[in-house]
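The block underneath contains the structure these notes are about, expressed in structure tokens.
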Amino acid sequence: MSRMCDVCGKGVMSGNKVSKSMNHTRRTWRPNLHSIKAVLPNGTVRTIKVCSSCLSSGFVQKKVRVPKTEAAQN
2 MSRMCDVCGK GVMSGNKVSK SMNHTRRTWR PNLHSIKAVL PNGTVRTIKV
52 CSSCLSSGFV QKKVRVPKTE AAQN
């Protein structure tokens, strides 16, 4: 499974960690991903990985869980 947002394509970035003494070592920055159930434009529900910026911007419509009522259970 890739560490990539299914909406915007944001993925892992790499660069250098720089210490106080200016030593450079390689490191990675990972996107803040969440697995959510989303309603796609054609109406189907799928679990996708979405970064928090796409989620807060409203690019994805989350599936709403409707609880069962007591009348439906009896």
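Residue numbers (the working numbering): 2 to 75. Note that beta-carbon positions come from the ideal geometry of N, C-alpha and C, so glycine has one too. Note that the coordinates shown come from a computational prediction; the quantities given were computed from them, not determined experimentally.
Compare the C-alpha of N17 against each of N33, K63, T26, W30 and name the closest.
It is T26 whose Cα lies nearest to the Cα of N17.
Just reading off the beta strand (DSSP E) that C52 is part of, what are its end residues?
DSSP places C52 in the uninterrupted beta strand (DSSP E) bounded by 46–52.
Out of K21, A39, R28, which has the shortest C-alpha to C-alpha gap to C55?
Per the Cα distances, A39.
List the DSSP bridge partners of G96.
In this structure the chain extends from 2 to 75, so residue 96 is not present and cannot be described.
Can you give me the C-alpha to C-alpha distance between D7 and P42, rounded to a whole angstrom?
Rounded to whole angstroms, D7 and P42 show a C-alpha spacing of 14 Å.
Can you give me the Cβ contacts of V61 inside the same chain, cut-off strictly under 8 Å, excluding the 5 residues immediately before and after it?
Excluding sequence neighbours, V61 sits near V8, I37, A39, I49, V51, C55.
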